[in-house]
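> The numbering of the sequence shown is UniProt numbering, which starts it at 1 and goes up by one. My questions will all concern the structure given below.
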Amino acid sequence: SRFHELTMVDESEILFDLVRDIQDNLQMERSVFRLMKHLSFMLRADRMSLFMYRQRNGVAELATRLFNVHKDATYDECLVQPESEIVYPLD
């Protein structure tokens, strides 16, 4: 189905599932991943990625945490391992 075909009940069920998942899940990255999957479907986005802010050795930077998230993606294939990060310094 497509976003324009979702009813208000469908949208409400998706949001309720997301809220319940966030409450039940101690791994916030998994909850964010599920949110991104739903958003990519609803927005008809080809792909989505999550970059996290951090400071390393006093240098602020953005680093990939979830990459190439789409409606059919799995968490394990989108989770970026430290040796594969894309890092943008913010100096």
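Cβ coordinates follow ideal geometry from the N, Cα and C atoms, glycine included. Everything numeric in this text was worked out from a predicted model, so none of it was measured.
1) What separation, rounded to the nearest whole angstrom, lies between the Cα atoms of ARG56 and VAL32?
2) Does the distance from the CB of LEU18 to the CB of ARG34 come in under 8 Å?
3) Hey, out of ASP76, VAL69, VAL87, whose CA is closest to ASP46's CA?
4) Using only alpha-carbon positions, find the residue among GLU85, MET52, MET42, GLU83 that is nearest to GLU11.
5) Between ASP21, ARG30, VAL9, which has its C-alpha nearest LEU79's C-alpha?
6) State the start and end residues of the unbroken alpha helix (DSSP H) segment that holds GLU29.
In short:
1) As a position in the sequence shown, residue 56 is number 56, starting the count at 1. As a position in the sequence shown, residue 32 is number 32, starting the count at 1. Rounded to whole angstroms, ARG56 to VAL32 spans 23 Å at the Cα level.
2) Here residue 18 refers to the residue found at position 18 when the sequence shown is read from its first residue. Here residue 34 refers to the residue found at position 34 when the sequence shown is read from its first residue. A contact, by the Cβ cut-off of 8 Å.
3) If you number the sequence shown from 1, residue 46 lands on position 46. Comparing Cα-Cα distances from ASP46 to each of ASP76, VAL69, VAL87, the minimum goes to VAL69.
4) Here residue 11 is taken as the residue at index 11 of the sequence shown, counted from 1. It is MET42.
5) Counting from one through the sequence shown, the residue named residue 79 turns up at place 79. Residue ARG30 is the option with its Cα nearest to LEU79.
6) Along the sequence shown, one-based indexing puts residue 29 at 29. It spans 28-42 - the alpha helix (DSSP H) in which GLU29 sits, taken as one unbroken run.
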